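Each remark here refers to the structure printed beneath this line.
Protein chains: 10
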Amino acid sequence: MTDKYKERRFDTYGYEKIDKEVLESIEYEYPEKNTIVEYITNEFSSVCPWTGLPDNAKLTIRYIPSKKLVELKSLKYYLTSYRNVGILQEHAINRILDDLVELLQPKFMEVIGEFQERGGIATRIVAKYEKEK
Amino acid sequence: MTDKYKERRFDTYGYEKIDKEVLESIEYEYPEKNTIVEYITNEFSSVCPWTGLPDNAKLTIRYIPSKKLVELKSLKYYLTSYRNVGILQEHAINRILDDLVELLQPKFMEVIGEFQERGGIATRIVAKYEKEK
Amino acid sequence: MTDKYKERRFDTYGYEKIDKEVLESIEYEYPEKNTIVEYITNEFSSVCPWTGLPDNAKLTIRYIPSKKLVELKSLKYYLTSYRNVGILQEHAINRILDDLVELLQPKFMEVIGEFQERGGIATRIVAKYEKEK
Amino acid sequence: MTDKYKERRFDTYGYEKIDKEVLESIEYEYPEKNTIVEYITNEFSSVCPWTGLPDNAKLTIRYIPSKKLVELKSLKYYLTSYRNVGILQEHAINRILDDLVELLQPKFMEVIGEFQERGGIATRIVAKYEKEK
Amino acid sequence: MTDKYKERRFDTYGYEKIDKEVLESIEYEYPEKNTIVEYITNEFSSVCPWTGLPDNAKLTIRYIPSKKLVELKSLKYYLTSYRNVGILQEHAINRILDDLVELLQPKFMEVIGEFQERGGIATRIVAKYEKEK
Amino acid sequence: MTDKYKERRFDTYGYEKIDKEVLESIEYEYPEKNTIVEYITNEFSSVCPWTGLPDNAKLTIRYIPSKKLVELKSLKYYLTSYRNVGILQEHAINRILDDLVELLQPKFMEVIGEFQERGGIATRIVAKYEKEK
Amino acid sequence: MTDKYKERRFDTYGYEKIDKEVLESIEYEYPEKNTIVEYITNEFSSVCPWTGLPDNAKLTIRYIPSKKLVELKSLKYYLTSYRNVGILQEHAINRILDDLVELLQPKFMEVIGEFQERGGIATRIVAKYEKEK
Amino acid sequence: MTDKYKERRFDTYGYEKIDKEVLESIEYEYPEKNTIVEYITNEFSSVCPWTGLPDNAKLTIRYIPSKKLVELKSLKYYLTSYRNVGILQEHAINRILDDLVELLQPKFMEVIGEFQERGGIATRIVAKYEKEK
Amino acid sequence: MTDKYKERRFDTYGYEKIDKEVLESIEYEYPEKNTIVEYITNEFSSVCPWTGLPDNAKLTIRYIPSKKLVELKSLKYYLTSYRNVGILQEHAINRILDDLVELLQPKFMEVIGEFQERGGIATRIVAKYEKEK
Amino acid sequence: MTDKYKERRFDTYGYEKIDKEVLESIEYEYPEKNTIVEYITNEFSSVCPWTGLPDNAKLTIRYIPSKKLVELKSLKYYLTSYRNVGILQEHAINRILDDLVELLQPKFMEVIGEFQERGGIATRIVAKYEKEK
Ligand SMILES: [Ca+2]
Ligand SMILES: [Ca+2]
Ligand SMILES: [Ca+2]
Ligand SMILES: [Ca+2]
Ligand SMILES: [Ca+2]
Ligand SMILES: [Ca+2]
Ligand SMILES: [Ca+2]
Ligand SMILES: [Ca+2]
Ligand SMILES: [Ca+2]
Ligand SMILES: [Ca+2]
Ligand SMILES: [Ca+2]
Ligand SMILES: [Ca+2]
Ligand SMILES: [Ca+2]
Ligand SMILES: [Ca+2]
Ligand SMILES: [Ca+2]
Ligand SMILES: [Ca+2]
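Protein chains in written order, with my numbering: chain Z, 7 to 139; chain C, 7 to 139; chain G, 7 to 139; chain R, 7 to 139; chain D, 7 to 139; chain V, 7 to 139; chain P, 7 to 139; chain Y, 7 to 139; chain A, 7 to 139; chain F, 7 to 139.
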């Protein structure tokens with residue numbers, strides 16, 4: 007019976023489809039304050055590189071902006087670009103952190119992924135960046 | 007600014023990618039009883055035909071089997087095949103109902119989709135089938 | 007002290023600002039079924055005609071479509087047009103029902119408003135329409 | 007030790023302090039519909055006639071208006087007038103029902119009181135009125 | 007190791023300790039209405055007749071009074087009198103129903119016991135009385 | 007990589023290990039009443055006959071006893087006997103219903119199984135028995 | 007179809023409509039204590055400067071007063087004055103902080119905005135002020 | 007319309023009705039330990055000095071006793087004595103702290119009031135006392 | 007009316023009925039680790055020494071074992087032995103702490119009692135022990 | 007009656023059935039970061055060595071990976087291998103910690119078991135490992 011499902015393995019894209027270029031920043035008017043900004047979405051989705059099946063997660067992006075904020079619509083398109091990319095959960099979270107740190111140069115950033123259970127086991131990943139002083 | 011996003015419009019598939027053939031049934035040993043069977047998933051996903059953006063939903067499939075049960079793994083692959091199909095929410099729910107009624111010939115079936123909000127408005131759809139007596 | 011607030015009374019619009027014209031319908035492909043469709047938003051807002059202060063509500067629109075569905079984006083703009091209109095809660099709910107029944111000619115429709123408390127008292131209103139047979 | 011508390015027994019008012027006169031109605035513009043209107047407050051309070059101690063409750067008033075709605079501010083003042091009246095919980099709920107039925111002549115009315123526990127026992131009372139046809 | 011616990015078996019009382027005499031009724035002023043009255047406590051406790059160990063439950067007593075209400079303080083003492091009585095859960099619930107029906111002659115009464123789990127299994131019992139017409 | 011897991015396939019027992027003999031009934035003292043009795047456990051477990059992996063469920067057994075109650079400790083041992091039996095979820099629920107109906111001859115019985123998700127899909131099954139009159 | 011909505015773009019006000027003058031303080035009688043005072047509302051609303059659509063939020067204002075408290079009614083009118091102002095969420099939160107710090111000269115203040123999701127992404131912002139010692 | 011409500015302004019008492027004398031302490035047998043004791047009630051009520059309308063709160067009193075505990079019944083009567091006193095929320099919480107610190111001389115005490123919303127704004131106040139060492 | 011209840015005052019036992027002897031320890035195999043062990047029960051019950059009425063609580067026992075664990079069945083019998091003992095809530099919690107510290111010689115122990123409300127006031131007590139180093 | 011249950015004592019396996027060999031690690035691409043990884047399952051099950059009855063738990067495994075991640079499918083099979091092993095709850099949690107530390111050499115690891123109540127008492131165990139620096 008398994009053979010039928012192997013044939014149906016979904017095509018997945020490689021990392022090159024992660025659309026880093028769509029990301030856009032906007033000027034932040036209160037750079038001297040240590041304001042915390044958080045974006046939360048229940049709708050992140052990527053694909054398991056081994057089975058080709060979707061991995062769905064709640065995503066939290068928390069940071070202290072320096073001079074820039076991420077523009078929300080560009081963030082949505084950036085996150086949606088993972089939808090058909092085959093990538094391990096732990097690597098996806100770290101990759102999002104790296105791309106946003108490069109864009110925003112924040113004082114602090116933390117990305118949290120809470121993935122729905124697979125085989126009865128849910129996964130939660132917390133990746134952090136802190137600017138050296 | 008909108009132009010950039012128009013260029014990035016995601017390719018969506020047509021209805022022909024809905025994988026009805028993967029569905030499989032198994033014999034049900036208690037056909038004389040009016041047993042209620044329900045499958046619930048938080049991870050249904052299709053694509054809006056107009057914007058190319060994902061539509062995520064909680065799906066409930068409730069039925070009174072006659073002689074057949076749907077095989078769960080085949081159901082998972084069937085539902086996953088909607089992932090990149092452009093289809094209106096109301097039509098997706100009715101289509102799932104039609105495909106499963108054709109497969110199982112149940113005494114009763116109900117498919118419920120609870121879609122995450124878009125523009126601040128969430129949508130809930132309940133489609134029903136009742137065998138004529 | 008009250009005088010200061012009287013001066014600051016917010017301007018409110020009359021019923022003519024309720025934007026019924028923006029509403030648009032789309033063809034529904036399963037008119038023969040008694041499918042239930044529901045839209046839910048936590049963000050409805052109108053203005054108390056006496057105090058000029060906002061009245062916020064959770065709104066549920068539930069119906070059995072006949073030949074038409076309401077287009078979601080047009081619904082959002084229609085509901086947003088109440089934002090600065092001075093209208094009693096009970097009347098707003100009945101007015102929404104009337105406008106949507108006129109647009110969609112559904113088999114059944116129900117509009118529910120759950121307004122946040124004022125003076126410690128919350129209000130819930132359920133208005134219904136049923137097509138004569 | 008009990009004597010001290012007996013001395014401190016709070017003065018309670020009789021039924022004559024229930025301020026029925028403050029109640030005001032407003033015209034309802036949709037009398038032909040069977041619209042359901044509900045008012046909910048967590049802050050109703052009266053006094054136990056035997057101990058002089060406060061009885062606090064969540065109150066729900068549900069009705070189908072005929073030609074009148076109760077004005078919300080007058081309702082608040084009416085309910086607040088029970089604050090120092092000594093009255094059994096079961097009688098308070100029935101009295102509220104009677105006063106509002108007299109004022110509004112509704113098609114249907116139901117008053118529900120959910121009183122906080124005394125001696126580890128919470129009390130819930132549901133009193134109903136239905137217009138004879 | 008079990009022997010030690012057998013020795014320590016708690017003494018339990020027989021049914022004669024159920025203090026039916028403490029129950030008191032008060033006049034109800036609205037006998038013509040079908041008002042529903044409910045008492046809810048999380049603190050009912052009796053003892054398993056076989057193991058001598060406590061059985062704890064949430065208890066709900068719901069009725070439509072005819073001419074009498076049960077006095078709340080007397081109800082508390084009545085329920086507390088089960089504390090050291092050895093009685094099966096199903097029988098306790100039915101006994102409470104019988105004692106209160108005898109006292110109050112209500113139009114309807116229902117007693118619900120929701121017992122904490124034993125051996126991983128919780129028990130819920132619903133006993134009902136309806137006056138013959 | 008899959009081969010390693012195939013080798014490790016857990017041994018499962020056949021239906022003959024379902025320990026119907028352990029079940030015991032006790033006399034019920036209120037057979038003339040239509041009392042509802044419910045047992046609820048979060049800890050039911052059987053094994054998928056195809057993968058050999060555990061299937062865990064919340065189980066609710068609801069009935070109106072005629073002359074007998076099931077003894078709770080014997081019920082616990084009966085349910086635990088499914089722990090290593092390979093049986094489809096739908097069949098397990100119907101089998102439990104049949105064994106208990108045979109033992110107790112109730113007026114009515116309903117067994118509900120709410121199984122934890124597999125492949126992102128949870129399953130709920132409701133099997134019913136009603137005595138012919 | 008978009009054109010229709012562009013025409014309907016809501017007029018939004020500039021920052022000059024933020025009614026800082028309405029704010030009023032009252033004397034605080036316990037200035038020597040480090041008492042924490044918090045105001046929480048679910049009903050804050052401003053307007054997105056780009057789309058003209060409402061942005062709704064839960065707002066928490068937490069501070070340690072020095073010599074003054076904000077008068078609650080004046081705070082309500084101040085917050086309501088944002089209702090039709092076009093302002094970025096991050097800037098609104100910082101602006102509220104600045105206006106209240108200027109009014110109250112507190113020892114510490116923190117303003118938290120939890121905005122409802124847009125495009126499936128909710129935003130939470132925490133802005134802080136601490137008096138230099 | 008407001009005039010009617012002005013006439014009905016409730017009489018409120020001054021601070022002299024706060025019944026500090028009713029408070030009683032009992033000996034604490036474990037003064038050498040840093041045990042934390044907390045009392046929680048959902049039923050605190052005082053009156054707004056400006057409008058004469060009730061202010062209801064959840065109250066938490068947390069302390070580390072030194073040699074005395076407050077007697078619970080006397081605490082209840084003390085708290086109930088605020089029922090008709092006109093006092094600002096922030097001042098009520100600090101006053102309760104002062105009275106109990108004077109009575110008990112605790113190592114630490116904290117009083118928290120969580121007041122129900124007025125004008126859509128809820129208030130939470132935390133007042134603290136710490137013994138000097 | 008009170009007299010009747012005075013007569014019915016429940017007999018309560020003295021401290022000598024607290025069954026410290028039933029407690030048993032078992033060897034702990036990981037004494038070098040700082041493992042935290044917690045036992046939680048919703049079913050603790052003792053009796054108020056003044057009124058003879060039951061006091062029910064949720065109990066949490068948290069410790070870092072040194073060389074011994076408490077045997078769970080013996081703990082259950084120990085806790086059940088408080089059922090008819092008249093003891094102040096604050097003293098019961100401290101007494102349980104002392105008995106278990108004597109038995110187990112843990113590195114750290116904390117006992118928390120969350121008692122159901124009496125007179126509308128719930129009580130929470132946290133008693134701690136820390137081994138001197 | 008107990009004898010019958012003694013005969014039915016379930017066979018349990020010894021520690022040698024804990025399938026440490028099935029565990030597999032995968033390379034982690036971000037070893038320089040202090041990323042936190044967590045796996046959560048509601049479906050852990052082992053057997054009480056004294057009664058032969060199942061012990062069910064929620065399990066949380068939290069760690070900071072150094073160079074390796076545990077492969078999720080191998081983790082599932084490892085955890086499932088405890089299903090028929092007789093082992094004390096406190097020892098099972100410590101054993102899982104030891105096996106995973108040996109496999110992954112993480113910078114930090116914590117295993118938490120939250121076991122369902124037995125005899126009305128639930129158990130929670132937290133075992134920790136921290137790499138020496
Ligand atoms: Ca993976
Ligand atoms: Ca759509
Ligand atoms: Ca949402
Ligand atoms: Ca109004
Ligand atoms: Ca009463
Ligand atoms: Ca029993
Ligand atoms: Ca429990
Ligand atoms: Ca299956
Ligand atoms: Ca789940
Ligand atoms: Ca924005
Ligand atoms: Ca105030
Ligand atoms: Ca509220
Ligand atoms: Ca006490
Ligand atoms: Ca309570
Ligand atoms: Ca054990
Ligand atoms: Ca449980």
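Beta carbons: idealized from backbone N, C-alpha and C, even for Gly.
Here the structure is a predicted model, which means the values were calculated and not measured.
**Request:** Confirm, please, whether the CB-CB distance from Gly119 (chain P) to Ile99 (chain P) is below 8 Å.
**Result:** yes
**Request:** Tell me whether Lys74 (chain A) sits in a helix, a strand or coil according to DSSP, three-state version.
**Result:** strand
**Request:** Confirm, please, whether the CB-CB distance from Ile67 (chain Y) to Leu106 (chain Y) is below 8 Å.
**Result:** Going by C-beta atoms, Leu106 (chain Y) is nearer than 8 Å to Ile67 (chain Y).
**Rounded separation between Tyr84 (chain F) and Asp61 (chain F) - CA only** = 17 Å
**Item:** Alpha-carbon spacing of Val162 (chain Y) relative to Thr129 (chain Y), whole angstroms
**Value:** The displayed coordinates of chain Y run from 7 to 139. Any statement about residue 162 (chain Y) would go beyond what the structure contains.
**Prompt:** When the cut-off is 8 Å and only beta carbons count, does Ile67 (chain D) lie next to chain V?
**Reply:** no
**Continuous beta strand (DSSP E) assignments of at least 3 residues falling wholly in the region 48-116 of chain R** = Here the runs fully enclosed are 60-70, 74-76.
**Item:** Closest Cα partner of Gln122 (chain V) within the set C:Glu136, C:Asn40, C:Thr47
**Value:** Of C:Glu136, C:Asn40, C:Thr47, the residue nearest in Cα terms is C:Thr47.
**Leu81 (chain R) and Tyr45 (chain R) closer than 8 Å at C-beta** = yes
**Item:** Short Cβ contact (8 Å threshold) for Leu94 (chain A) with Pro55 (chain A)
**Value:** Contact flag set, yes.
**Prompt:** Under a CB-based cut-off of 8 Å, is Leu75 (chain R) close to chain G?
**Reply:** yes
**Asked** Does the beta carbon of Gln122 (chain A) come closer than 8 Å to any beta carbon on chain R?
**Response** yes
**Contact residues within the region 31-44 of chain Y, judged by C-beta distance below 7 Å to chain P** = none
**Message:** On the DSSP bridge list, what partners appear for Tyr45 (chain D)?
**Reply:** R:Thr129, D:Ile67
**Item:** Residues near Glu96 (chain V) by beta carbon distance below 7 Å, same chain, minus five either side
**Value:** Ile131
**Request:** Taking only beta-carbon positions, decide if Ile102 (chain V) is within less than 8 Å of chain D.
**Result:** It does not; no Cβ of chain D falls within 8 Å.
**Item:** Neighbourhood of Glu38 (chain F) by C-beta distance below 7 Å, restricted to the same chain and skipping five residues each side
**Value:** none
**Prompt:** Which residue's Cα is closest to the Cα of Glu204 (chain A): A:Lys10, A:Val43, A:Asp9, A:Gly92?
**Reply:** Absent from the structure is residue 204 (chain A), since the part of chain A shown begins at 7 and ends at 139.
**Request:** Starting from the Cα of Thr86 (chain C), find the closest Cα among C:Glu138, C:Glu108, C:Lys26, C:Tyr11 and give me that residue.
**Result:** C:Lys26
**Message:** According to DSSP, simplified to helix, strand and coil, what is Lys26 (chain G)?
**Reply:** helix
**Request:** Show which residues of chain P have a CB atom less than 9 Å away from the CB atom of Gly126 (chain C).
**Result:** Result: Leu59, Pro60, Asn62, Gln122, Glu123, Arg124.
**Message:** I'd like to check one pair, Lys10 (chain D) with Val76 (chain A): are the Cβ atoms closer than 8 Å?
**Reply:** no
**Request:** Quickly, what does DSSP pair Gly119 (chain G) with across the bridge? List them, please.
**Result:** When beta bridges are read from the DSSP output, Gly119 (chain G) appears opposite G:Leu65, G:Ile131.
**Prompt:** Quick one: is Met7 (chain R) buried, meaning 16 or more other Cβ sit within 10 Å of its Cβ, or exposed?
**Reply:** Since pLDDT at Met7 (chain R) reaches only 46, below the 50 mark, its modelled position is unreliable, and the value read off the structure follows with that caveat. Per the 10 Å Cβ criterion, exposed.
**Prompt:** Terminal residues of the continuous beta strand (DSSP E) containing Glu33 (chain A)?
**Reply:** Start and end: 31-33.
**Prompt:** In this structure, does DSSP put Glu136 (chain Y) in helix, strand or coil?
**Reply:** It is a strand residue.
**Prompt:** Nearest to Lys113 (chain Z) by alpha carbon, out of Z:Lys73, Z:Asn90, Z:Ile127?
**Reply:** Z:Lys73
**Request:** Starting from Tyr195 (chain F), follow its DSSP beta bridges and name the residues at the other end.
**Result:** As displayed, chain F neither begins before 7 nor continues past 139, which places residue 195 (chain F) out of reach and without an answer.
**Of the residues D:Gly20, D:Asp17, D:Asn40, the one placed nearest Glu136 (chain R), counting alpha carbons only** = D:Asn40
**Request:** Count the other C-beta atoms from every protein chain shown that fall within 10 angstroms of the C-beta of Lys12 (chain V), then say buried if there are 16 or more, exposed otherwise.
**Result:** By the neighbour-count criterion, in which 16 or more other beta carbons inside 10 Å mark a residue as buried, Lys12 (chain V) falls on the exposed side.
**Asked** According to the Cβ coordinates, are Ser51 (chain A) and Arg89 (chain A) closer than 8 Å?
**Response** yes
**Prompt:** Hey, is Ala98 (chain G)'s beta-carbon within less than 8 Å of any beta-carbon in chain R?
**Reply:** no
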